[in-house]
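Student: Numbering of the sequence shown is given in numbering that gives the first Met the number 0, commencing with residue 0 and proceeding in unit increments.
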Amino acid sequence: MAFADLRTDYAGRGAPLFRLALKTGVLTVLTLGFYRFWMKTRMRRYYWSAIRPGGVPMEYTAQATEKLLGFLIAVVILAFYIGVVNLILMFFSFSLFAGNAPAYAVSVVGLVPIFFFAQYRARRYILARTRWRGIRFGLEPGVKGYVWRAMLHWAITILTLGILWPRMTFALEKYRTDRTWYGDAKFAQGGRWQDLMGAMKHVYLGAAIMGGGTLALSLSLSPIWSLAIVMGGVWTGLGLSYWRAESFKRLTEWKTLGDVGFRCHPRGGTVVGIYILGSLAISGLLIALVFGLMMILGIAVSMIDPGVLERGFSNLDNLASVPGWIITLLGVVAYFSVFLFWGVLKEVFIKLPLVRHFAETTEILNPGALAQVRQRPRDEFAEAEGFADALPLGGGF
């Protein structure tokens with residue numbers, strides 16, 4: 000019996016997400032970051048439940064306490080690693096090189112493996128806590144192989160000035176995908192990295208325009224070439240949006256899950272539009288927020304010292320009569336307000352539309368083969384994604 004291809008629905012909406020992001024963001028700020036483990040868990044549950052392949056919502060079953068305990072474990076391990084391993088690296092660097100700069104550089108390089116280690120472990124944890132139709136996803140242990148491969152491919156990419164970025168993207172995605180499971184069915188990543196090069200064409204072209212403009216400007220000193228540099232920069236930025244859509248399409252359609260395939264047709268123009276319109280909306284709202292905070296500051300100061308309005312705000316000496324703690328308090332409130340609303344608005348105007356677009360343009364082919372998939376054992380994690388939380392790494396998508 001043939002089954003129709005499964006389309007993916009997306010049920011997320013901006014208003015509920017705004018309220019959730021704002022509420023959890025405020026609690027995170029008030030608790031000095033302690034609530035962020037609960038914030039991340041609640042946000043992921045919202046996104047996961049909104050993505051519905053075949054009309055069936057996905058589930059995120061992780062607990063915030065897992066993340067908290069994992070973070071504490073990771074901090075202890077990282078403290079040992081940074082305090083001992085990096086100390087050894089710096090000692091040898093001071094012995095071999097003259098000056099402090101090489102020693103500090105080697106110390107930073109010593110942290111690189113930890114970032115890749117955290118990325119793989121975080122992905123494994125997220126998949127282990129994700130279910131669809133009651134079946135768990137999973138990722139095989141393989142962090143050591145991922146770390147040395149990631150370091151090698153990054154080195155090659157840097158040496159080629161980013162030209163071989165598609166090669167690195169494909170190789171690392173293949174390593175992760177070939178170790179990913181849905182129940183007892185295993186994913187496989189097909190395709191070739193050479194076929195991914197075309198998705199970077201606009202980035203290459205924009206970078207070439209920037210490089211040519213920079214070279215011409217240095218030789219001729221004519222300001223007209225500055226326009227070429229700006230145009231190249233804009234083209235490169237738009238090209239990155241096209242790369243995100245096109246690389247997702249190609250990598251997704253090259254994946255298989257046994258006899259199950261995938262079709263994906265995101266539109267580069269839509270992705271570019273989301274970034275442009277979303278950035279404009281965020282900028283406009285943040286400017287309005289800053290203006291409103293300045294109005295509140297002016298009202299508060301004038302209530303304390305009515306003469307400030309007559310003297311004006313152009314000279315900061317006119318604010319000398321205002322207690323310093325009030326200026327400091329209002330400054331802190333303004334800083335955290337802008338910081339908080341930036342994160343909230345980014346979720347609503349950029350991340351949500353992107354997730355909706357990528358979800359709704361993805362289909363599952365030959366879904367009848369999924370009936371043969373059986374449950375897999377629960378993958379226990381002592382440290383959850385603690386390393387990713389302890390390091391400045393994004394997570395989730």
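Cβ coordinates follow ideal geometry from the N, Cα and C atoms, glycine included.
Run through DSSP, which three-state label would Glu-139 get?
Tutor: To locate residue 139, count along the sequence shown from 1; it is residue 140. Looking at Glu-139 - three-state DSSP - the assignment turns out to be coil, as it is neither helix nor strand.
Student: If we ignore side chains and look at the alpha-carbon of each, how far apart do Ala-184 and Tyr-174 end up?
Tutor: Counting from one through the sequence shown, the residue named residue 184 turns up at place 185. Counting from one through the sequence shown, the residue named residue 174 turns up at place 175. Approximately 16 angstroms, taken between the alpha carbons.
Student: Relative to the C-alpha of Glu-379, which candidate in Leu-19, Phe-136, Ala-14, Lys-22 has its C-alpha closest?
Tutor: Mapped onto the sequence shown, residue 379 falls at position 380. Considering only alpha carbons, the answer is Phe-136.
Student: Would you check if the distance between the CB atom of Ile-113 and the CB atom of Tyr-145 is smaller than 8 angstroms?
Tutor: Locating residue 113 in the sequence shown gives position 114, where the first residue counts as 1. Locating residue 145 in the sequence shown gives position 146, where the first residue counts as 1. Contact: no.
Student: When we look at the beta-carbon of Gly-24 and count the other beta-carbons within 10 Å, is it buried (16 or more) or exposed?
Tutor: Position 25 of the sequence shown, counted from the first residue, corresponds to residue 24. Looking at its Cβ environment, which holds 16 or more other Cβ atoms inside 10 Å, Gly-24 is buried.
Student: Are Gly-238 and Leu-204 touching if we call contact CB-CB under 8 angstroms?
Tutor: Position 239 of the sequence shown, counted from the first residue, corresponds to residue 238. Position 205 of the sequence shown, counted from the first residue, corresponds to residue 204. Yes, Cβ-Cβ distance for Gly-238 and Leu-204 is below 8 angstroms.
Student: So for Thr-360, helix, strand or coil by DSSP?
Tutor: Walking along the sequence shown from the start, residue 360 turns up at place 361. In the structure shown, Thr-360 sits in coil (DSSP, three-state: anything other than H, G, I, E or B).
Student: Around the Cβ of Phe-33, are there at least 16 other Cβ atoms within 10 angstroms (buried) or fewer (exposed)?
Tutor: Residue mapping note: residue 33 aligns to position 34 of the sequence shown, counting from 1. With fewer than 16 Cβ atoms within 10 Å of its Cβ, Phe-33 is classed as exposed.
Student: Are the beta-carbon atoms of Val-343 and Leu-29 separated by less than 8 angstroms?
Tutor: One-based indexing of the sequence shown puts residue 343 at position 344. One-based indexing of the sequence shown puts residue 29 at position 30. No, Cβ-Cβ distance for Val-343 and Leu-29 is not below 8 angstroms.
Student: Per DSSP, what are the beta-bridge partners of Met-57 in this structure?
Tutor: Reading the sequence shown from its first residue, position 58 is the one you call residue 57. Per DSSP, Trp-131.
Student: Quick check on Trp-234: does DSSP put it in helix, strand or coil?
Tutor: By 1-based counting over the sequence shown, the position of residue 234 is 235. Here Trp-234 sits in helix by DSSP.
Student: May I ask you to list the residues that DSSP assigns as paired with Phe-186?
Tutor: By 1-based counting over the sequence shown, the position of residue 186 is 187. Phe-186 is bridged to Leu-256.
Student: At the level of alpha carbons, what is the spacing between Trp-131 and Glu-245?
Tutor: Along the sequence shown, one-based indexing puts residue 131 at 132. Along the sequence shown, one-based indexing puts residue 245 at 246. Going by the C-alpha atoms only, they are around 26 angstroms apart.
Student: Would Gln-193 be called buried (16 or more neighbouring beta carbons within 10 Å of its own) or exposed?
Tutor: Stepping through the sequence shown from its first residue, residue 193 is reached at position 194. When all chains shown are included, Gln-193 counts as exposed.
Student: For the alpha helix (DSSP H) containing Thr-40, list its first residue and its last residue.
Tutor: Translated into the one-based positions of the sequence shown, residue 40 becomes position 41. It spans 35-49 - the alpha helix (DSSP H) in which Thr-40 sits, taken as one unbroken run.
Student: Can you tell me whether Glu-346 is helix, strand or coil according to DSSP?
Tutor: Reading the sequence shown from its first residue, position 347 is the one you call residue 346. Glu-346: helix per DSSP, three-state reduction.
Student: Pairing CB atoms from the stretch 112-128 with CB atoms from the stretch 142-157, are three or more of them under 8 angstroms?
Tutor: yes
Student: Expressed to the nearest angstrom, what Euclidean distance is found between the alpha-carbon atoms of Val-229 and Arg-243?
Tutor: Position 230 of the sequence shown, counted from the start, is the residue given in the question as residue 229. Position 244 of the sequence shown, counted from the start, is the residue given in the question as residue 243. So the alpha carbons of these two residues sit roughly 22 angstroms apart.
Student: How long is the line joining the alpha carbons of Thr-27 and Phe-338, rounded to whole angstroms?
Tutor: Counting from 1 along the sequence shown, the entry for residue 27 is found at position 28. Counting from 1 along the sequence shown, the entry for residue 338 is found at position 339. Distance between the alpha carbons of Thr-27 and Phe-338 is about 12 angstroms.
Student: Between Val-107 and the ligand FMN, is there a pair consisting of the residue's CB and a ligand heavy atom that are separated by less than 7 angstroms?
Tutor: As presented, the structure is devoid of all ligands, the ligand FMN included, so that no description of it is given.
Student: For chain B, check one thing: does any of its Cβ atoms lie closer than 8 angstroms to the Cβ of Ala-333?
Tutor: Considering every chain present, this structure includes no chain B. It has just one protein chain.
Student: Can you check which of these residues, Val-142, Phe-247, Thr-235, is closest to Thr-168 by C-alpha distance?
Tutor: What you label residue 168 is simply residue 169 of the sequence shown in a count that begins at 1. It is Phe-247.
Student: If you draw a straight line from the C-alpha of Ala-14 to the C-alpha of Ile-281, how long is it?
Tutor: If you number the sequence shown from 1, residue 14 lands on position 15. If you number the sequence shown from 1, residue 281 lands on position 282. When rounded, the distance between both Cα atoms is 15 angstroms.
Student: Which value, in whole angstroms, describes the spacing of the CA atoms of Ser-225 and Leu-216?
Tutor: Along the sequence shown, one-based indexing puts residue 225 at 226. Along the sequence shown, one-based indexing puts residue 216 at 217. Roughly 7 angstroms between the two C-alpha positions.
Student: Under DSSP, the beta strand (DSSP E) around Arg-6 begins and ends at which residues?
Tutor: The residue you call residue 6 lines up with position 7 of the sequence shown. Segment 5-9, the beta strand (DSSP E) holding Arg-6.
Student: Do Ile-125 and Ala-358 have their C-beta atoms within less than 8 angstroms of each other?
Tutor: Taking the first residue of the sequence shown as 1, we reach residue 125 at position 126. Taking the first residue of the sequence shown as 1, we reach residue 358 at position 359. Judged by their CB atoms, Ile-125 and Ala-358 are not nearer to each other than the 8 angstroms cut-off.
Student: Applying the 10 Å Cβ sphere with the 16-neighbour rule, what's the burial state of Ser-240?
Tutor: For the purposes of this step, residue 240 is taken as residue 241 along the sequence shown, with counting starting at 1. Counting Cβ neighbours within 10 Å, Ser-240 comes out buried, since at least 16 surround it.
Student: Going by C-alpha distance, which of Leu-256, Arg-122, Gly-141, Asn-85 is nearest Val-108?
Tutor: The residue you call residue 108 lines up with position 109 of the sequence shown. Nearest C-alpha to Val-108: Asn-85.
Student: Hey, how far is the Cα of Val-75 from the Cα of Leu-68?
Tutor: As a working mapping, residue 75 is identified with position 76 in the sequence shown. As a working mapping, residue 68 is identified with position 69 in the sequence shown. Computed Cα separation, rounded: 11 angstroms.
Student: Can you list, in chain order, the residues of its chain whose CB lies under 7 angstroms from that of Gly-393, leaving out five sequence neighbours each side?
Tutor: Within the sequence shown, residue 393 is the residue found at index 394, counting from 1. With a pLDDT of 49 at Gly-393, under the threshold of 50, the predicted position of this residue should be treated as unreliable, though the coordinate-derived value follows. Cβ within range, chain order: n/a, list empty.
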